[in-house]
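Peer 1: Protein chains in written order, with the numbering used here: chain G, 1 to 644; chain B, 645 to 987.
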Amino acid sequence: MKKTSSKIVAKVDSASISHQVAREQAKHTPMSDPTPGFREMKSVVVRFAGDSGDGMQIVGERFTDTSVTIPNSIATFPDYPSEIRAPVGTIGGVSAFQVHFGSTKVLTSGDAPDALVAMNPAALAVHLPDLVTGGLLVVNTAAFTEDNLKMAGFTSNPLDDPSLAEKYILIALDITGLALDALKESTLTNREKLRCKNFLALGFMYWVYSRPIEPTLDYITAKWEKKLPALAAANIAVVKAGYFVGETSELTIERYRVARADVAPGIYRKISGNEATALGLIAASQRCGRPLLFSGYPITPATSVLEALAGYKHFGVTTVQAEDEIAAIGVALGGSYAGKLGATATSGPGMCLKSEFMGLAVTTELPLVIINVQRGGPSTGLPTKTEQSDLLQALYGRHGESPLPVIAANSPSDCFSAAFEAARIAIQYSTPVILLTDGYLANGSEPWLVPDEATLPDISKPFADESLPYVAFARDPQTLARTHAIPGQPGLEHRIGGIEKNEKGAISYDPEVHSLMTRLRAAKVAGIANSLPPLEVNGDRSGKLLVLGWGGTHGAITSAVTALRSEGHAVSSTTLRHLNPLPADLGALIQGFEQVLIPELNNGQLSIIIRAKYLVDTLSMGKIKGQPFKISEIRERILELLNA
Amino acid sequence: MATATPNLPAVPELSRKDFVPSNEVRWCPGCGDYAILNSLQRAFPELGVPRENFVLVSGIGCSSRFPFYMNTYGFHTIHGRAPSVATGVKVANPDLSVWIITGDGDGLSIGGNHLLHLLRRNINVNVLLFNNRIYGLTKGQYSPTSPVGTKTKTSPTGSLENPLNPALFALGAEATFVARTLDTNPKHMVETFKAAHAHQGISFVEIFQNCVIFNDSTWDSIYGKDNRDEQMLFLETGKPLLFGKDKSKAIRLNGLTPEVVDAATTPPGEILTHQPGQTSPLYSHLLATMGQPDFPTPMGVIRQIEKPTYETLVHEQIAQATAKRGPGTWQELLHGNSTWTVA
Numbered sequence: 001m002k003k004t005s006s007k008i009v010a011k012v013d014s015a016s017i018s019h020q021v022a023r024e025q026a027k028h029t030p031m032s033d034p035t036p037g038f039r040e041m042k043s044v045v046v047r048f049a050g051d052s053g054d055g056m057q058i059v060g061e062r063f064t065d066t067s068v069t070i071p072n073s074i075a076t077f078p079d080y081p082s083e084i085r086a087p088v089g090t091i092g093g094v095s096a097f098q099v100h101f102g103s104t105k106v107l108t109s110g111d112a113p114d115a116l117v118a119m120n121p122a123a124l125a126v127h128l129p130d131l132v133t134g135g136l137l138v139v140n141t142a143a144f145t146e147d148n149l150k151m152a153g154f155t156s157n158p159l160d161d162p163s164l165a166e167k168y169i170l171i172a173l174d175i176t177g178l179a180l181d182a183l184k185e186s187t188l189t190n191r192e193k194l195r196c197k198n199f200l201a202l203g204f205m206y207w208v209y210s211r212p213i214e215p216t217l218d219y220i221t222a223k224w225e226k227k228l229p230a231l232a233a234a235n236i237a238v239v240k241a242g243y244f245v246g247e248t249s250e251l252t253i254e255r256y257r258v259a260r261a262d263v264a265p266g267i268y269r270k271i272s273g274n275e276a277t278a279l280g281l282i283a284a285s286q287r288c289g290r291p292l293l294f295s296g297y298p299i300t301p302a303t304s305v306l307e308a309l310a311g312y313k314h315f316g317v318t319t320v321q322a323e324d325e326i327a328a329i330g331v332a333l334g335g336s337y338a339g340k341l342g343a344t345a346t347s348g349p350g351m352c353l354k355s356e357f358m359g360l361a362v363t364t365e366l367p368l369v370i371i372n373v374q375r376g377g378p379s380t381g382l383p384t385k386t387e388q389s390d391l392l393q394a395l396y397g398r399h400g401e402s403p404l405p406v407i408a409a410n411s412p413s414d415c416f417s418a419a420f421e422a423a424r425i426a427i428q429y430s431t432p433v434i435l436l437t438d439g440y441l442a443n444g445s446e447p448w449l450v451p452d453e454a455t456l457p458d459i460s461k462p463f464a465d466e467s468l469p470y471v472a473f474a475r476d477p478q479t480l481a482r483t484h485a486i487p488g489q490p491g492l493e494h495r496i497g498g499i500e501k502n503e504k505g506a507i508s509y510d511p512e513v514h515s516l517m518t519r520l521r522a523a524k525v526a527g528i529a530n531s532l533p534p535l536e537v538n539g540d541r542s543g544k545l546l547v548l549g550w551g552g553t554h555g556a557i558t559s560a561v562t563a564l565r566s567e568g569h570a571v572s573s574t575t576l577r578h579l580n581p582l583p584a585d586l587g588a589l590i591q592g593f594e595q596v597l598i599p600e601l602n603n604g605q606l607s608i609i610i611r612a613k614y615l616v617d618t619l620s621m622g623k624i625k626g627q628p629f630k631i632s633e634i635r636e637r638i639l640e641l642l643n644a
Numbered sequence: 645m646a647t648a649t650p651n652l653p654a655v656p657e658l659s660r661k662d663f664v665p666s667n668e669v670r671w672c673p674g675c676g677d678y679a680i681l682n683s684l685q686r687a688f689p690e691l692g693v694p695r696e697n698f699v700l701v702s703g704i705g706c707s708s709r710f711p712f713y714m715n716t717y718g719f720h721t722i723h724g725r726a727p728s729v730a731t732g733v734k735v736a737n738p739d740l741s742v743w744i745i746t747g748d749g750d751g752l753s754i755g756g757n758h759l760l761h762l763l764r765r766n767i768n769v770n771v772l773l774f775n776n777r778i779y780g781l782t783k784g785q786y787s788p789t790s791p792v793g794t795k796t797k798t799s800p801t802g803s804l805e806n807p808l809n810p811a812l813f814a815l816g817a818e819a820t821f822v823a824r825t826l827d828t829n830p831k832h833m834v835e836t837f838k839a840a841h842a843h844q845g846i847s848f849v850e851i852f853q854n855c856v857i858f859n860d861s862t863w864d865s866i867y868g869k870d871n872r873d874e875q876m877l878f879l880e881t882g883k884p885l886l887f888g889k890d891k892s893k894a895i896r897l898n899g900l901t902p903e904v905v906d907a908a909t910t911p912p913g914e915i916l917t918h919q920p921g922q923t924s925p926l927y928s929h930l931l932a933t934m935g936q937p938d939f940p941t942p943m944g945v946i947r948q949i950e951k952p953t954y955e956t957l958v959h960e961q962i963a964q965a966t967a968k969r970g971p972g973t974w975q976e977l978l979h980g981n982s983t984w985t986v987a
């Protein structure tokens, strides 16, 4: 392997120095080291980064799929470039995939990478600042050409800077050259061979983290063996070559092991937030007995909900790609009116456009699910980045007194349950419901313990009884939901619309009628609280500090609080699924704590609500950077408060 | 009507009064909308559709109050957006007979985008666009069909905007059925509404309608008693394009340009024959653009061609997917393509 080793620059000395640094990192407590050369880690974050043409997403996906078989607890996040086809080698063209895997419960895609694979200088420039000091840095030296360095904004080759190897465990590999070497016998063109280099990096990382390569070989075989056997053979050869580089080279870096996690037994699949949202809607349509009619307009990061549902026609799903955001909700509302489960999904700016129709849905009291996959705003803002800044819009962003239920999903797989819950409320209470997810949940993915369909409740509600006289706004005494007659039901012909109506459904401008109907609509929504389960609290139900979160910050908050509790700190947390109405037991829970900290990815919107509703002096912790919370950020803030 | 085949439920015989609700109609006395309402109430019982299968969807404006005055299912939605709600209704249940009631402001200004896409999708719904060339409900502002120079409260020195030609707009979107009718001719309205219903696909009907308060007599130069013979040309399929008193005038093509000729002295072969089924758009565009000052305004069905309807194709795709993959199962939904088991 002389030839191979000549392509490797192993910074052995500095690597061992870096390990001293790494050991001092508080984040990962080294476990006992049963095998020399291996270090046991509780959890590791690996980020693959390269040009968008370098195949980083597929490599990240493969690494994830291998890790779930261990099994490890896992969460991932893809970071696509915002430009569709940025020039090769530029900063704008960098694509990355981060995977967080652990032997303990992993709830986020990780604060900062412990290992970074940089396939070119631009990837290094973009992602090196995130790498933890002492972390593993694997670079493809072949890509560090003068042109590429220039495009990445480097005036000199950073690999020549000795401080790089002092700060990180630097593994400088000629990944391209190694891949070409492995493919000497291949019939692929040189261009095709070059495209295989991502699998070499993957093979190498499998070696570093002691992961089996077989699941990837199986994947390659299944994907290409039949149609492109030469490509399958090449990728298999390159994965193996990458693994053997580690095995046979003179690298003396430590390898890592992440033990199997104590994962609940059962059948699992990997799922992203938007996929889970789509499946939750279909499951709800099956359980309410109304086929799904979904209409959407393409908008980042909500589009993949529409895309996913378009593939489920054999579940009776109708999808309509509307001409704009307004039409999309109009089509969904028309579908609901005619007896389907109507739903639409969008992101912030689309919500602005839909707001007039939401008002119509509120006053006509028709079931409708409106999903907002939140992104950074206002206006175009940060279309590919995450934020939770549409909470107040969801609660109040309509003219008139127009309350509607608002719920939020708290993890990628939780989008399934949240979408189901949104549909339950919509059907049972005959009301539009807003479901808030966000870009981080939508694109992130995690293993999902597949539910047994028998655990999904019946959420059906009959349409109006044709044998009785029909009164359009007669209400169920329990839920205050109005009776819904659908076109085609003989004898129940009636008119509804946006103009104020009396309890019989007839147009009325009477001041008392407007007052009564406004209060009835509000009471109906408020009454949903009666159907909610008690809040789940992570920790004690009283004490010094409650960390109150909602939606996608659940993972970071729960991880921070769980760790602090295991260290003996008196802190609890809870995550709100329901933002309107708030759970009936929230007030009492809040009263049990001396302080309430509310971390959210906005300027303190939930904090405003909690202050107004419970007259509590909440401590707001806002972050508006288009990025999710790091566990460490929340941990530090909690410690500050506890130690104050 | 009691002759329905034994296997099918009989459609109960309906009359105009079945479509008249108990509530009071509240348009201004003398409004053209009354005649349109009356004509639709006369047409509906003749369509062979059970009353519960009619759905009227409207936006905002005087005309959009219409659903409240028809004893059918009715949805009075928001300004300009009726086409999207109607699309949802029709896709949800293609058996329904869906009628969009709109006006020149609702349909062509605030709702122009939705109308455009409704037309191009060829959804089997009917659009009745009441064109009074004014905003009536907001008490008299110029609309997208008001002629240049229209003086209103928002255009005290005359409007500057080139008006839209609704039929041409519909043809531009390649609507498969485009017709014109007028509020002063109940017989023509009833026939046009029946033809619209019979057409499988989008049916766009522009109705010249008088606003007695804010734009009175706006159509008199076309359909007024003294002008109507000279200024309107009533289209009949397969018949020559004749108009004028005693049908003495005809339309002939000179190259690609129409010209008015004397019917008696022009060889019959040179006179244009009405062929609404021509798939080429040239003829229908020619008709839609004819009008004052040089030509009579064609009334009736300008275009009618067959194309698959959107909702049919949507449900065909669902049926095909179901035939190919089998009805979806919980196992498939929840497990997807790839799972793993943790023991």
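Built from N, CA and C at the ideal position, the CB exists for glycine as well.
Below 8 angstroms on the Cβ atoms is my guess for residue 859 (chain B) versus residue 776 (chain B); work out the distance and round it to an integer in Å.
Peer 2: With 8 angstroms as the limit, residue 859 (chain B) and residue 776 (chain B) qualify as a contact, their Cβ atoms being about 6 angstroms apart.
Peer 1: Going along chain B in order, which residues have a C-beta closer than 7 angstroms to the C-beta of residue 489 (chain G)?
Peer 2: In chain order: 696.
Peer 1: Report all residues from its chain with a CB closer than 6 angstroms to the CB of residue 22 (chain G); omit the five preceding and five following residues, and keep chain order.
Peer 2: Reliability of the predicted coordinates at residue 22 (chain G) is poor, the pLDDT of 39 falling under 50, and the value obtained from them is presented with this limitation in mind. These residues qualify, in order along the chain: 134.
Peer 1: Less than 9 angstroms between CB atoms is the rule here; does residue 961 (chain B) satisfy it with respect to chain G?
Peer 2: At least one chain G Cβ lies under 9 angstroms of residue 961 (chain B).
Peer 1: Quick check: what's the CA-CA separation for residue 615 (chain B) versus residue 797 (chain B)?
Peer 2: Since the first residue shown for chain B is 645 and the last is 987, residue 615 (chain B) is missing from the structure and cannot be characterised.
Peer 1: Counting only Cβ-Cβ distances shorter than 8 angstroms, please list the residues of the region 967 to 978 of chain B near chain G, keeping chain order.
Peer 2: Flagged, chain order: 968, 969, 970, 971, 972, 974, 977 and 978.
Peer 1: At a Cβ cut of 9 angstroms, what residues of the region 280 to 295 of chain G count as close to chain B, listed as they run along the chain?
Peer 2: Flagged, chain order: 282, 283, 286, 291, 293 and 295.
Peer 1: Kindly say whether residue 317 (chain G), judged by its beta-carbon, lies nearer than 9 angstroms to any beta-carbon of chain B.
Peer 2: Output row for residue 317 (chain G): interface = yes.
Peer 1: May I ask you to list the residues that DSSP assigns as paired with residue 775 (chain B)?
Peer 2: In DSSP, residue 775 (chain B) forms a bridge with B:852.
Peer 1: Helix, strand or coil, according to DSSP, for residue 668 (chain B) in the structure here?
Peer 2: Coil.
Peer 1: Who are residue 743 (chain B)'s beta bridge partners in DSSP?
Peer 2: In DSSP, residue 743 (chain B) forms a bridge with B:700 and B:770.
Peer 1: Quick check: what's the CA-CA separation for residue 980 (chain B) versus residue 269 (chain G)?
Peer 2: Whole-angstrom Cα-Cα distance: 8 angstroms.
Peer 1: Strictly by DSSP, which residues pair up with residue 943 (chain B)?
Peer 2: B:878.
Peer 1: Between G:155, G:148, G:96 and G:100, which has its C-alpha nearest residue 128 (chain G)'s C-alpha?
Peer 2: Cα-wise, what sits closest to residue 128 (chain G) is G:96.
Peer 1: Just the C-alpha distance for residue 482 (chain G) and residue 65 (chain G), rounded to the nearest angstrom, thanks.
Peer 2: When rounded, the distance between both Cα atoms is 47 angstroms.
Peer 1: With a cut-off of 9 angstroms, does the C-beta of residue 521 (chain G) fall near any C-beta of chain B?
Peer 2: Output row for residue 521 (chain G): interface = no.
Peer 1: Does residue 623 (chain G) pass the burial test, meaning 16 or more other C-beta atoms within 10 Å, or should it be called exposed?
Peer 2: By the 10 Å Cβ count, residue 623 (chain G) comes out buried.
Peer 1: Below 8 angstroms, can you find three or more Cβ-Cβ pairs linking the region 340 to 349 of chain G to the region 468 to 482 of chain G?
Peer 2: The region 340 to 349 of chain G, when compared against the region 468 to 482 of chain G, does not touch it at the 8 angstroms Cβ threshold.
Peer 1: In the DSSP assignment, what residue or residues form a beta bridge with residue 823 (chain B)?
Peer 2: B:849 and B:945, per the DSSP bridge assignment.
Peer 1: Mind checking if residue 484 (chain G) is an interface residue toward chain B, Cβ cutoff 9 angstroms exclusive?
Peer 2: For residue 484 (chain G), the answer is no, since every Cβ of chain B falls outside 9 angstroms of its Cβ.
Peer 1: Buried or exposed for residue 578 (chain G), please, with buried defined as at least 16 other CB atoms from any protein chain shown within 10 angstroms of its CB.
Peer 2: Residue 578 (chain G) comes out buried.
Peer 1: So residue 740 (chain B) packs on residue 697 (chain B), CB below 8 angstroms; how close in whole Å?
Peer 2: That belief holds up - the Cβ atoms of residue 740 (chain B) and residue 697 (chain B) are roughly 5 angstroms apart, short of 8 angstroms.
Peer 1: To the nearest angstrom, how far is it from the Cα of residue 159 (chain G) to the Cα of residue 77 (chain G)?
Peer 2: Straight-line Cα distance between these residues: approximately 27 angstroms.
Peer 1: Using a Cβ cut-off of 7 angstroms, which residues of the region 312 to 340 of chain G contact any Cβ in chain B, in chain order?
Peer 2: So the close ones are 312, 313, 314, 315, 316, 318, 320, 322, 323, 324, 326, 327, 330, 331, 332, 333, 334, 335, 337, 338, 339 and 340.
Peer 1: Give a yes or no on whether the C-beta atoms belonging to residue 746 (chain B) and residue 759 (chain B) are separated by under 9 angstroms.
Peer 2: Yes, the Cβ-Cβ distance between residue 746 (chain B) and residue 759 (chain B) is below 9 angstroms.
Peer 1: Applying the criterion that 16 or more other CB atoms from any shown protein chain within 10 Å of the CB defines a buried residue, is residue 792 (chain B) buried or exposed?
Peer 2: By the 10 Å Cβ count, residue 792 (chain B) comes out exposed.
Peer 1: Please identify, using Cβ separations under 7 angstroms, the residues of the region 708 to 737 of chain B that lie next to chain G, in order along the chain.
Peer 2: Those residues of the region 708 to 737 of chain B that come within reach of chain G (Cβ to Cβ, closer than 7 angstroms) are 711, 712, 715, 716, 717, 718, 719, 720, 721, 722, 725, 728, 729, 730, 731, 732, 733, 735, 736 and 737.
Peer 1: Using the Cα positions of residue 789 (chain B) and residue 550 (chain G), report the straight-line distance between them to the nearest angstrom.
Peer 2: Those two C-alpha atoms are separated by around 50 angstroms.
Peer 1: With a threshold of 9 angstroms between beta carbons, is residue 859 (chain B) in contact with chain G?
Peer 2: Judged by the 9 angstroms Cβ criterion, residue 859 (chain B) is not in contact with chain G.
Peer 1: The beta strand (DSSP E) spanning residue 171 (chain G) covers which residue range?
Peer 2: Taken as a continuous stretch (DSSP letters only), the beta strand (DSSP E) holding residue 171 (chain G) covers 169 to 173.
Peer 1: Do residue 845 (chain B) and residue 950 (chain B) have their CB atoms nearer than 9 angstroms?
Peer 2: It is a contact, given that the beta carbons lie within the stated cut-off.
Peer 1: How many angstroms separate the CA atom of residue 31 (chain G) from the CA atom of residue 261 (chain G)?
Peer 2: Caution applies to residue 31 (chain G), whose pLDDT of 40 falls short of 50 and renders its modelled position unreliable; the model cannot decide the point.
Peer 1: Report all residues from its chain with a CB closer than 8 angstroms to the CB of residue 669 (chain B); omit the five preceding and five following residues, and keep chain order.
Peer 2: Only 678, 681 and 713 meet the Cβ criterion.
Peer 1: Grab me the residues of residue 246 (chain G)'s own chain with a C-beta within less than 7 angstroms of its C-beta, minus the 5 sequence neighbours each way, in chain order.
Peer 2: The answer, listed in chain order, is 204, 207 and 208.
Peer 1: Are the region 543 to 559 of chain G and the region 618 to 633 of chain G touching by the rule of at least three beta carbon pairs closer than 8 angstroms?
Peer 2: Yes, since at least three Cβ pairs between the region 543 to 559 of chain G and the region 618 to 633 of chain G fall closer than 8 angstroms, the two stretches touch.
Peer 1: Residue 211 (chain G) lies in the alpha helix (DSSP H); which residues open and close that run?
Peer 2: Segment: none, residue 211 (chain G) is in no alpha helix (DSSP H) and carries neither H nor E.
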